[in-house]
Amino acid sequence: MLVWACVLTGCEGSSDPMALVLTNDTRASVLVDGDLPALEYLVAEMGLERELEEALVLWSRSWEEEGIGRWALRQAAYDAALPVLVTKPETYQFRLVEGTRKATAALEPLTSNGLPPDLRREIRLAVDGGREATEAWSEDRREEALLMALQAADRIRELTPPKVAERLVRRVEAEHSEVQRKSAADLDEDTLRRVERLLGGARDALTREDYPRAIQRAHYAHQLLLYQPGPTEP
């Protein structure tokens with residue numbers, strides 16, 4: 001499995017997992033070449049969509065939330081699913097743990113590079129979680145292994161370009177609505193028009209799955225709304 005970092009200037013793939021594109025900006029994401037394990041994939045493989053419908057709904061909703069609420073929903077999904085998953089054939093369980101191990105092991109070299117501190121910390125949490133899941137599996141602590149594997153895989157998923165782009169666009173939309181509600185007294189009309197144009201471009205890029213551009217446009221709009229100096233608009 002291959003990984004590399006992606007920042008505002010764009011994404012560049014490489015067969016070398018250490019191939020990075022870095023700036024001083026913190027709006028970075030991580031590309032993973034291959035499918036990450038996920039609760040929804042595991043449930044589908046086992047044919048448990050009806051039995052674990054509630055868990056899947058909670059898991060899906062978690063990706064639309066901000067802050068700690070998203071992890072609370074995710075944990076509720078894990079709690080609902082795990083008692084059922086651990087009773088199913090070990091082949092499926094092992095595939096989840098091993099898939100997460102491979103994904104997190106590929107990310108480990110990035111923890112010692114010059115990535116933004118927040119990103120490096122999240123990668124380290126995912127890497128540690130993958131290692132702990134493997135250890136739990138080897139010690140026959142199956143439910144604990146599955147929980148750690150699901151958590152680690154979702155930590156990585158949070159750092160991928162689609163998820164970073166979606167969260168950032170939602171955040172900027174909320175900030176824009178708040179500014180409009182307050183009559184935007186501190187922003188001139190030209191700045192507001194720039195924000196709206198950038199936000200529209202971010203939404204369009206998100207629809208077209210051009211995630212680097214969506215991140216870039218939303219980030220510039222975010223900076224304008226916070227009255228913070230930033231890079232020159234492209």
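Residue numbering for the sequence shown is 1 to 234, as defined by this note's numbering.
For glycine and all other residues, C-beta sits at the position ideal for the given N, C-alpha and C.
Please read all numbers here as calculations on a predicted model, not as lab measurements.
DSSP places residue 168 within a helical segment (H, G or I) once states are collapsed to three.
In this model, residue 69 and residue 79 are separated by some 15 Å (Cα to Cα).
Per DSSP, the continuous alpha helix (DSSP H) segment holding residue 212 begins and ends at 211-225.
Beta-carbon to beta-carbon, residue 215 and residue 161 are separated by about 7 Å, close enough to satisfy the 8 Å threshold.
Runs of the alpha helix (DSSP H) spanning 4 or more residues and lying entirely within the segment 53-102 occur at 53-62, 68-85, in chain order. Here the alpha carbons of residue 118 and residue 92 stand approximately 33 Å from one another. Nearest to residue 177 by alpha-carbon distance, out of 89, 61, 129, 221, is 221. One Cα belongs to residue 219, the other to residue 83, and the distance between them is close to 41 Å. About 11 Å separates the Cβ atoms of residue 199 and residue 179, ruling out a contact at the 8 Å cut-off.
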